[in-house]
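Taking our numbering, the leading residue of the sequence shown gets 770, the next gets one more, and so forth. No residue lacks a Cβ here, since even glycine has one placed at the ideal position from N, Cα and C. As the structure is a computational prediction, the values presented were derived from the model and not from experiment. Single-structure report; data block below.
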Amino acid sequence: NVAEFDPNADVALDLDKWGVERPDQYQIQQAFFDQFGALDECVWAEKDRRGSEDQLLGDVSMAVKLNPEGRPFGVNATMPSGYEKSTKLKDCLREAAANAAYPKYDGPPVVVVFEFELDPGFVEQ
């Protein structure tokens, strides 16, 4: 179970609790990119539920609220049109994103956003 978060909520910058460091953007991207296999498994599970191997079209927007000490505080996902009610797919994608090995850092929580094609398909060779 991955929590969602309010992206409009105020962030208290308690300098006694948090340092001033920011996480490395490249490491964050690599951590998320390493989850593409898990994201693909979510897509294939959805295709199995639908009983079709047709490509799932559209882009997903994901916001991850990083916890400086490890697993994210929360993950929000905005699904493409036609998949808003696919809660199993959405929850699976959110869980995959939350399980990434994001870098630890000494600073306040930050929100990072990723956008990706839900099902980029494949080319047979």
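Checklist entry - What are the residues that DSSP puts in a beta bridge with T847? => result Here residue 847 refers to the residue found at position 78 when the sequence shown is read from its first residue. S830, per the DSSP bridge assignment.
Next on the checklist: Assuming the contact rule is C-beta atoms closer than 8 Å, E822 and K816 should be a hit. Round their C-beta distance to whole Å, please.
Outcome noted: As a first step, residue 822 must be located in the sequence shown, where it is residue number 53. As a first step, residue 816 must be located in the sequence shown, where it is residue number 47. Between K816 and E822 the Cβ distance is about 6 Å, and since that is below 8 Å, they are a contact.
Checklist entry - Would the beta-carbon of D803 fall within 8 Å of that of F885? => result One-based indexing of the sequence shown puts residue 803 at position 34. One-based indexing of the sequence shown puts residue 885 at position 116. Here D803 is not near F885, since their CB atoms are 8 Å or more apart.
Item to check | Assumed close pair V882, A832 - CB separation to whole angstroms, cut-off 8 Å | outcome: Here residue 882 refers to the residue found at position 113 of the sequence shown. Here residue 832 refers to the residue found at position 63 of the sequence shown. Yes, they are in contact, since the Cβ atoms of V882 and A832 sit about 5 Å apart, within 8 Å.
Next on the checklist: Check this for me: beta carbons of P878 and N836, under 8 Å apart or not?
Outcome noted: Working through the sequence shown from its first residue, we reach residue 878 at position 109. Working through the sequence shown from its first residue, we reach residue 836 at position 67. Yes, they are a contact pair.
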